[in-house]
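Contents: one structure, followed by commentary.
2 protein chains.
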Amino acid sequence: MTTRWLTEEEQTAWIRFAAVLELLPGVLDSQLVRDEGLTHFDYFALAMLSEAPERTLRMTTLAGRTSATLPRLSRVLNRLEQQGLVERQPSAEDRRATNVVLTEQGWEKLVHAAPGHVTNVRANVLDALSAEQVGQLSTICTQVLSKLDPDGKMFAHVLR
Amino acid sequence: MTTRWLTEEEQTAWIRFAAVLELLPGVLDSQLVRDEGLTHFDYFALAMLSEAPERTLRMTTLAGRTSATLPRLSRVLNRLEQQGLVERQPSAEDRRATNVVLTEQGWEKLVHAAPGHVTNVRANVLDALSAEQVGQLSTICTQVLSKLDPDGKMFAHVLR
Numbered sequence: 016m017t018t019r020w021l022t023e024e025e026q027t028a029w030i031r032f033a034a035v036l037e038l039l040p041g042v043l044d045s046q047l048v049r050d051e052g053l054t055h056f057d058y059f060a061l062a063m064l065s066e067a068p069e070r071t072l073r074m075t076t077l078a079g080r081t082s083a084t085l086p087r088l089s090r091v092l093n094r095l096e097q098q099g100l101v102e103r104q105p106s107a108e109d110r111r112a113t114n115v116v117l118t119e120q121g122w123e124k125l126v127h128a129a130p131g132h133v134t135n136v137r138a139n140v141l142d143a144l145s146a147e148q149v150g151q152l153s154t155i156c157t158q159v160l161s162k163l164d165p166d167g168k169m170f171a172h173v174l175r
Numbered sequence: 016m017t018t019r020w021l022t023e024e025e026q027t028a029w030i031r032f033a034a035v036l037e038l039l040p041g042v043l044d045s046q047l048v049r050d051e052g053l054t055h056f057d058y059f060a061l062a063m064l065s066e067a068p069e070r071t072l073r074m075t076t077l078a079g080r081t082s083a084t085l086p087r088l089s090r091v092l093n094r095l096e097q098q099g100l101v102e103r104q105p106s107a108e109d110r111r112a113t114n115v116v117l118t119e120q121g122w123e124k125l126v127h128a129a130p131g132h133v134t135n136v137r138a139n140v141l142d143a144l145s146a147e148q149v150g151q152l153s154t155i156c157t158q159v160l161s162k163l164d165p166d167g168k169m170f171a172h173v174l175r
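Protein chains in written order, with this note's numbering: chain F, 16 to 175; chain D, 16 to 175.
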């Protein structure tokens with residue numbers, strides 16, 4: 016099969032995007048770890064629970080929404096559970112399934128962490144962009160997610 | 016200080032972008048690890064060397080272009096050096112500085128890895144976007160990089 020090499024415009028866009036992919040996760044993690052003792056993944060998982068009815072999601076659903084494998088999510092939940100931020104419970108509807116519940120303490124942690132995180136996201140991403148560009152980024156990410164997440168397991172798809 | 020919370024449009028854009036940030040690195044890594052035994056970071060470091068004059072960069076410059084700390088970059092280079100893909104040499108101009116050189120074997124590895132990687136980048140990102148959106152993404156990333164990398168150490172800045 017012949018490789019369709021990138022055009023100059025595509026290569027420039029990709030190198031810039033790859034640089035953002037390389038730098039941004041560290042910027043998000045370091046503020047949250049320093050100020051709250053949470054990784055960005057921890058924060059994202061707590062935020063996903065906070066948006067769910069009764070602040071509860073099935074393990075498998077939470078794994079989809081955070082794009083984690085079940086073993087990875089389990090390790091994170093062990094840590095969050097020890098800190099009293101979440102609880103795991105057998106599902107009332109299906110005893111083989113496990114629910115994850117955001118505790119009151121987890122909710123308070125999230126409320127405490129949100130201002131610093133939002134300020135960081137503004138300072139490093141959103142405030143660099145015009146309102147029009149925020150819309151462009153949103154559409155671009157939706158189209159990329161249709162490739163990365165064809166089954167629509169991520170929370171981003173719920174927003175459609 | 017009062018937090019400027021995200022508008023609905025900003026929140027939607029951010030959640031979608033965060034989902035891409037969470038998913039895309041794993042997609043890039045798993046293809047390269049499976050097919051070439053390289054992480055995306057390894058590939059990116061080899062590619063940065065391949066673009067440099069005489070396929071050589073100072074350690075500190077390579078660290079900037081890959082946005083790695085020196086200890087992280089050293090660990091990666093230990094591994095790449097054991098595989099014969101790069102060599103470290105004292106700089107002829109400044110004996111205290113270390114140069115990193117892409118070996119012929121490293122160049123061949125990169126040439127071998129490029130088609131699969133480019134095909135993966137196309138399949139998961141670029142082919143989902145119109146030419147206009149590729150241009151929008153490029154501009155958006157430049158503006159975000161001006162926040163993430165204010166000193167302009169990344170290769171992305173060389174492209175301006």
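The beta-carbon is built from N, C-alpha and C at its ideal position, and this holds for glycine as well.
Residue of the options minimising C-alpha distance to residue i
i, options, result
"F32 of chain D", "F:W29, F:T113, F:S45 and F:L36", "F:L36"
"W20 of chain D", "F:Q97, F:V126, F:T22 and F:S161", "F:V126"
"C156 of chain F", "D:E69, D:L38 and D:L117", "D:L38"
"Q98 of chain D", "D:A138, D:A83, D:W122 and D:R80", "D:W122"
"A143 of chain D", "F:V136, F:E23 and F:L160", "F:L160"
"N135 of chain D", "D:H55, D:E102 and D:T154", "D:H55"
"Q158 of chain F", "D:S145, D:A67 and D:A78", "D:S145"
"T17 of chain D", "F:E23, F:T22, F:A34 and F:G131", "F:G131"
"G167 of chain D", "F:A34, F:E23 and F:T27", "F:A34"
"K162 of chain F", "D:Q151, D:V140, D:Q148 and D:G150", "D:V140"
"E23 of chain F", "D:V149, D:D164 and D:S65", "D:V149"
"T81 of chain F", "F:P68, F:L95, F:L64 and F:L43", "F:L64"
"E69 of chain D", "D:V101, D:E96, D:L85 and D:G41", "D:V101"
"L95 of chain F", "F:T154, F:Q151, F:K124 and F:A83", "F:K124"
"W29 of chain F", "D:P165, D:E25 and D:L152", "D:L152"
"V42 of chain D", "D:V133, D:L85 and D:Q120", "D:V133"
"P165 of chain F", "F:T27, F:L53, F:D44 and F:G79", "F:G79"
"D44 of chain F", "F:L85, F:A67 and F:A128", "F:A128"
"L117 of chain D", "D:P86, D:T27, D:A138 and D:A67", "D:A67"
"A83 of chain F", "D:A138, D:Q26, D:P40 and D:R137", "D:P40"
C-beta neighbour in chain F for residue i, strict 7 Å
i, result
"V115 of chain D", "no"
"R31 of chain D", "yes"
"L2 of chain D", "The structure shown does not extend to residue 2 of chain D, since chain D spans only 16 to 175, so no value can be given for it."
"R175 of chain D", "Interpretation of R175 of chain D is limited by its pLDDT of 48, a score under 50 that renders its predicted location unreliable; the figure taken from the coordinates is listed afterwards. It does not; no Cβ of chain F falls within 7 Å."
"K162 of chain D", "yes"
"L38 of chain D", "yes"
"V91 of chain D", "no"
"T84 of chain D", "no"
"A143 of chain D", "yes"
"P165 of chain D", "no"
"T75 of chain D", "no"
Within-7 Å CB hit, residue i to chain D
i, result
"T18 of chain F", "yes"
"V140 of chain F", "yes"
"K124 of chain F", "no"
"Q46 of chain F", "no"
"L152 of chain F", "yes"
"T157 of chain F", "yes"
"A34 of chain F", "yes"
"E24 of chain F", "yes"
"A148 of chain F", "The sequence given here has Gln at residue 148 of chain F, not Ala. With 7 Å as the cut-off, Q148 of chain F counts as an interface residue toward chain D."
"A60 of chain F", "no"
"A28 of chain F", "yes"
"P68 of chain F", "no"
"G130 of chain F", "The residue you asked about is not Gly; residue 130 of chain F is Pro in the sequence shown. It does; some Cβ of chain D falls within 7 Å."
"K168 of chain F", "no"
Beta bridge counterpart(s) of residue i as assigned by DSSP
i, result
"R103 of chain D", "D:V115"
Partners in chain A for residue i, counting only beta-carbon separations shorter than 7 Å
i, result
"R137 of chain D", "This model lacks chain A altogether, as its protein chains are F and D."
- Item | Cβ contact check for the segment 103–112 of chain F and the segment 42–58 of chain F: 3 or more pairs under 8 Å | no
- Task: Let me know the beta strand (DSSP E) ranges lying completely inside the segment 67–95 of chain D, each 3 residues or longer, listed in chain order.
- Result: Scanning the segment 67–95 of chain D for uninterrupted beta strand (DSSP E) segments of 3 residues or longer gives 71–73, listed from N- to C-terminal end.
- Query: Would you call the segment 63–77 of chain D and the segment 112–130 of chain D in contact, with 3 or more CB pairs under 8 Å?
  - Reply: yes
- Query: Any contact of the segment 82–92 of chain D with the segment 53–68 of chain D, i.e. 3+ C-beta pairs under 8 Å?
  - Reply: Result yes; three or more Cβ-Cβ pairs closer than 8 Å.
- Query: Considering only residues of the segment 132–164 of chain D, which uninterrupted alpha helix (DSSP H) runs meet the minimum length of 4 residues and lie entirely inside it, listed in chain order?
  - Reply: 146–163
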